[in-house]
Structures are given as C-alpha cells and as structure tokens.
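A.B. asks: Before we start, here is the structure in question, set down as structure tokens.
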Amino acid sequence: MQDVAFKNEAENVIENYKSNPYFLAKDLLGFADLTPSFHYKYICKKLMEPRKQLIRLWLLPRGFFKTTILTITDCIRLQLNTPNIRILIVSGVLANAVSMVNLIGYQYISNKRFRTLFPKWCPIKPHAPETTWKGTEIHVPNREGRPVMEGTFEAFGPESTLTSRHYDYIKMDDLVTRENSTTKEQMDKIKDFYRALFPLRDNPQTPIDVIGTRWDDYDVYGDMEGDPEVEVIKVPATINGKPTFPERYPLHELQKIKQDNKMGTYLYSCLYDLDPVSQENAIFKEKWFKYYTISTDRRFMKRQDDKVVPIGHIFMSVDGAITEGKNDYAAIVITTTDADKDIYVLETWFDQVDPITLLKKMKETYFKWSVLKCALQTTVLEKMLKFYLKEMMRKEKFYMNLIPLKKNTALNKEYLIKSIQPWYEHGCIWHLASMKGGELEEELVRFPKAKHDDVADALQMHQEIVIVSPKKVVPRDYDRNSLHAWKKRLKKIMSQQEYFHLGNNPVTEINEFTY
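Position in the sequence shown (from 1) plus 57 gives the number in my numbering.
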C-alpha cells in the first residue's frame, strides 16, 4: 500500500510539473528568484490559459527573468507534454539562441531530480548523449511519433540558414537588442528577419511567442503592439506607481537605475516602462536637461560646467485642482535665478493629497526656502483662502506673499507648458542632480502624452513671477521665528491695506525673461 501511495504521489507531482510552469521552474529546475506575486501572477497563469491569438507578444522589463520562464521553462514544459515536438528558438543574436538551447539541455543532463522524474527523455550517458546534442540542436531521446529531421530544440539567428525544416512551435526571444537597434536600417532588417521566420512554421496554426523588451520607438515590437492579430501581454516595472517585482526591483532601486548616467529617462521608458517616447519628435528632449549640485549650507550651486553661482531670489509655484471632499494631484516647484537669467529648479513635490495636507506642505516649503513669491492659480487661491488659508494664517500668525495667476484651462495648459520649451532648448533651465529621471523629467519627455503634467505646469508658472538675481548674493540664514523675522513680517502686514495681497501681479521684470 505504501508503494502504491508513493507512486500515486510521484505521479501527481509529475503532472503538476507538466501543467504548472511556475512549479516546474521554481521547484524542479531550480530558479529560486522567481516570485508568485510577479512570475506566477503575470506570466505563468497566462501560460496556462488558452491563447487568444496564434501570435503572442510578451513584453517584460530587463532583468525580470523573462527568458527563464517563457523560453527555458516553457520549452521544457512543452516537450514533457508533447515528446515529439519541434521547437525553434530564435534570437536577434545567434549566440544568445545557442545559450538558451544549452540552458535547456543542461536540465536533461545535469539536474538529478529532473533525470529521476523524467528518465525517458534524458540521455543515458550525460557526457556522451546517444542522440544529437550540440549547441545549436538537441534531440531528446525516445521522442515517439513519426520520424522528423528537426531537433526537439534548435537555435536560430539572423545569420542562420534553414531549408526544408519546419517547426511545431516558435519562440522568438530578444529579437531586438541594444546592438541591432541603434539605427533605422538595423531595425528594418530585424523587421524583415521577423517576417522571414513565418515560412518555418509547420502549418498556419503553429503558435508563436515573441518575447522581448522595448529598445526603441521604431522597433518591431511597436509594430506588433498595433497588430489586432497579436495578443499583447505587457507588464512594466511599475503599475499605478507600485513595483510589479518589488522583491528584486523596489521603487528606490528603479529610481537608482533611472538616474544612472548610462540609462536616462528615454532608455528607462523603453526597458522598464516598455513605453518608449520618440526622441526625434519629442517636444522636450532629454539631451537638453542640465544638472547642478547644491552646497551643504544651501548657499551655492555648482553646475555641470563647473561654474559656481550663488542661490539668489527663491520662487515657489503650486499646481493643484482643489475639490472639496476629494484628493487631487498637486505639485509644488521651487526655483531660483542667477544674474544671467538662468533658472534653477531647487525642489519639486508631487502627490495626491487633500486641501489641508497641501496647505501644510505649502507652508512648510515656503518657509524652508525663504520664498520671495509664491504663484497659484487664481481660482485655487480663492478657494483655499475662503475655506482654509485665511484661518490658518490668522491662527498661526504667518504671512505668505501669494501671487494669483490666471486659471490654466484645459485649452491653454498644453500651450503654457510648451512655452518653456525654448528655455530648455537654449540651456536656460537647470535641474538639481537628484531630480534626474524624476517626475518633472518624466512629464517633460513624455509631454503631451504623459499620465500627469502637474509638475511641468507648476514650473511654467515661474515665467510670471521670477526676477533676475543680483550677481553677488549675500547669503543669510533664515529663522522665521527670530525677532528680526517677526519685525519684518509685522512691518509688511501693517503697510498693506488688506491682510492678503490678492491684486494683480505687479512684477515688471517679466519682460526680461521673454525669448
């Protein structure tokens, strides 16, 4: 009875391996880094479902083990369920396809548990297989069915030549690479190569899996995404701001990758967002972004051209649609200027908050930087003054120099953001180095198709309030609770007829920033 029970249990385990690619990969093949929250949820479950189209496009970020699951594991699973299957493994570089075939063959030769559970399909002598077993081609023993000339697994690349050979399943893994996506001509060749693979199907119903990562807006994957006859399974590194593979790529790690000098916003949008933006047609080009660092005492800035400039007058803008009872996205941007009319973005903030939280953040940021002027849309300012800000100022006894601006309607918002494009093109706006790849750059590079544009909209407001800073700025520490600060604040309040300044913007220096 024990032998029967053991046999039944072993058979159940074998069937689970043959039916569940996640169980097969993690438990038997030894791919320990796979996780249920990503690989099972987004990939393996989909593999076990009926396919919607004969051609499936799998788009996954770099380093997310897409080849491990979709090529190595799934090819083994297909063979275990269909011993006589002929699988063609294609890559944009033949050597990569050969490596995939070798990694598959390794399990049949060197994985002791695999050889114990599936001895029929494994060579009797691992070091001297009795069937064809080479880098480009593997014939699994005891294939059953009708004799065929094709191997169980075969590697294929652009330089390969196959005649009179046909396959039951085709895996195209990484057709597009860094090396073959640098020019339009190279990408056209890969598109031609993709089309040339279709005659290798055994019949028109042969399934095809295309597995890859975006490298360029013009690559073959972009064409496939728009093809109604292709089922697209795309899982970026983040969905709704949350990492899809947090065990290996948490948000802080993704941000670190994005800020790397070898990466940048555009390449990150390809490799991790899987949504490349054409730099040729981009309104704001990534190459225009220039950076600086700030001294520990926050008095001086050192630009990437090694020029050191003092922090001058400081300005603040707030963008936020304030609706009662609703949390809306809001943005705050802090800038300073120099004597040459350049603008330096000192800080950006972006979050989904309620009005009270926004006001607290406004106050905190305003006094943190000793802001000279703070710009807001007139309608936003009026609502906040009416419901919150006036009472907050009265109770907490503080004053903010608020400059109301005309409302940016949906009709002119895009135009206003476009108006800062010449500033970037002429090199007049600098970003703090830590902002590289951040929300502001993401919005600008993807403009006007970005998911959000709140930070960019807040930045364009500075055109109406900034003034040129003097060549020499005498830095001073600011303590808003000092006697000097209170005297100055009281003098300013007493000199005004109203408690709040809600008039038109009196700045006359704006014309100096007109390009």
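Ideal Cβ positions, reconstructed from N, Cα and C, are used throughout, including at glycine.
Return the CA-CA distance between Asn384 and Tyr423, expressed in angstroms with no decimal places.
C.D. replies: With a pLDDT of only 49 at Asn384, under 50, the local geometry of the prediction cannot be trusted, and no value is derived from it.
A.B. asks: Confirm, please, whether the CB-CB distance from Ile389 to Ala515 is below 8 Å.
C.D. replies: Yes, the Cβ-Cβ distance between Ala515 and Ile389 is below 8 Å.
A.B. asks: If you draw a straight line from the C-alpha of Phe80 to the C-alpha of Tyr74, how long is it?
C.D. replies: For Phe80 and Tyr74, the distance between alpha carbons rounds to 6 Å.
A.B. asks: Would you report the Cα separation of Phe121 and Arg451, rounded to the nearest angstrom?
C.D. replies: Their backbone Cα atoms lie some 54 Å apart in a straight line.
A.B. asks: Which residue comes first and which comes last in the beta strand (DSSP E) that contains Cys431?
C.D. replies: Unbroken beta strand (DSSP E) run through Cys431: 430-434.
A.B. asks: Where does Leu489 sit, in a helix, a strand or coil, going by DSSP?
C.D. replies: Here Leu489 sits in strand by DSSP.
A.B. asks: By how many angstroms is the C-alpha of Tyr278 removed from the C-alpha of Lys425?
C.D. replies: Approximately 47 Å between the Cα atoms of the pair.
A.B. asks: Using DSSP's beta-bridge definition, name the partner residues of Val287.
C.D. replies: Paired residue(s): Ile112.
A.B. asks: Just how far apart, CA to CA, sit Asn77 and Leu85?
C.D. replies: Roughly 11 Å separates the two Cα atoms.
A.B. asks: Label Val437 either buried or exposed according to how many other C-beta atoms from any shown protein chain fall within 10 Å of its C-beta, with 16 as the threshold for buried.
C.D. replies: That one is buried.
A.B. asks: Whose C-alpha, out of Leu328, Ile166, Ala185, is nearest the C-alpha of Arg235?
C.D. replies: The shortest Cα separation from Arg235 among Leu328, Ile166, Ala185 belongs to Leu328.
A.B. asks: With a 10 Å radius around its C-beta and 16 neighbouring C-beta atoms as the bar for buried, classify Glu72 as buried or exposed.
C.D. replies: With fewer than 16 Cβ atoms within 10 Å of its Cβ, Glu72 is classed as exposed.
A.B. asks: Does the beta-carbon of Phe255 have 16 or more other beta-carbons within 10 angstroms, so that it is buried, or is it exposed?
C.D. replies: Classification of Phe255: exposed, given that the 10 Å Cβ count is below 16.
A.B. asks: Find out if the Cβ-Cβ distance for the pair Thr193, Glu211 is shorter than 8 Å.
C.D. replies: Closer than 8 Å, so yes.
A.B. asks: If distances are taken between C-alpha atoms only, which option among Phe407, Asp317, Ala89, Ile351 comes closest to Thr393?
C.D. replies: Closest option to Thr393, Cα to Cα, is Ile351.
A.B. asks: For the ligand ZN, I want to know if Met457 counts as a neighbour, meaning its beta carbon is within less than 7 Å of at least one of the ligand's heavy atoms.
C.D. replies: Only the bare structure without any ligand can be found here, which leaves the ligand ZN out of the picture.
A.B. asks: Do Trp480 and Ile371 have their C-beta atoms closer together than 8 Å?
C.D. replies: It is not a contact, given that the beta carbons lie outside the stated cut-off.
A.B. asks: For Glu282, I'd like the list of residues in its chain whose CB is within less than 6 Å of its CB, leaving aside the five on either flank, ordered along the chain.
C.D. replies: The residues are Val289.
A.B. asks: To which residues of the same chain is Arg172 closer than 6 Å at the C-beta, ignoring the five residues directly before and after it?
C.D. replies: Excluding sequence neighbours, Arg172 sits near Cys179.
A.B. asks: So, Met53 versus Val366, is the Cβ gap smaller than 8 Å?
C.D. replies: Given that the chain is displayed from residue 58 to residue 572, the structure contains no residue 53 and the question cannot be resolved.
A.B. asks: Where are the alpha helix (DSSP H) runs, 4 residues long or more, that stay fully inside the region 260-285, in chain order?
C.D. replies: The qualifying runs are 277-282.
A.B. asks: Can the beta-carbon of Ile166 be found closer than 8 Å to that of Pro183?
C.D. replies: Cβ atoms of Ile166 and Pro183: closer than 8 Å.
A.B. asks: Taking the alpha-carbon of Gln517 as reference, which of Lys109, His309, Glu500 has the nearest alpha-carbon?
C.D. replies: Closest option to Gln517, Cα to Cα, is Glu500.
A.B. asks: Given this structure, state the Cα-to-Cα distance separating Asn153 from Thr128, to the nearest angstrom.
C.D. replies: In a straight line, the C-alpha of Asn153 is about 12 Å away from that of Thr128.
A.B. asks: Since Arg451 is in the alpha helix (DSSP H), which residue starts that stretch and which ends it?
C.D. replies: That run of the alpha helix (DSSP H) goes 447-453.
A.B. asks: Report the CB separation of Ala432 from Ile314 in whole angstroms; it is logged as a contact under 8 Å.
C.D. replies: Between Ile314 and Ala432 the Cβ distance is about 34 Å, and since that is not below 8 Å, they are no contact.
A.B. asks: Considering just the uninterrupted stretch of the beta strand (DSSP E) at Pro575, what are its terminal residues?
C.D. replies: The question about residue 575 has no answer here: the residues shown for the chain are numbered 58 through 572.
A.B. asks: Within its chain, find whatever has a CB closer than 8 Å to the CB of Asn14; leave out the 5 residues flanking it on each side and keep chain order.
C.D. replies: Residue coverage of the chain in this structure runs from 58 to 572, which leaves residue 14 outside it and unanswerable.
A.B. asks: Short of 8 Å in beta carbon distance, which residues of its chain neighbour Asp341, apart from the five on each side in sequence? Order them along the chain.
C.D. replies: One detail in the question is off: residue 341 reads as Phe in this sequence, not Asp. Cβ neighbours of Phe341 beyond the five flanking positions: Gln478, Tyr481, Leu501, Val502, Phe504.
A.B. asks: So the candidates are Ser326, Asn338, Glu496, Asp362; which of them puts its Cα closest to the Cα of Gly484?
C.D. replies: Ranking Ser326, Asn338, Glu496, Asp362 by Cα distance to Gly484 puts Asp362 first.
A.B. asks: Can you name, in chain order, every residue of its own chain whose Cβ lies under 6 Å from the Cβ of Phe95, other than the five neighbours on each side?
C.D. replies: Here the set comprises Thr301, Phe302.
A.B. asks: Taking the runs of the beta strand (DSSP E) that are 3 residues or longer, which of them lie wholly in the region 66-135?
C.D. replies: Listed in chain order, the complete beta strand (DSSP E) runs (minimum 3 residues) inside the region 66-135 are 112-116.
A.B. asks: DSSP three-state call for Leu145: helix, strand or coil?
C.D. replies: The answer is strand: DSSP assigns Leu145 an E or B state.
A.B. asks: Does DSSP put Arg235 in a helix, in a strand, or in coil?
C.D. replies: Reduced to three states, the DSSP call for Arg235 is coil.
A.B. asks: Would the beta-carbon of Thr270 fall within 8 Å of that of Leu114?
C.D. replies: No, these two residues do not count as a Cβ contact at 8 Å.
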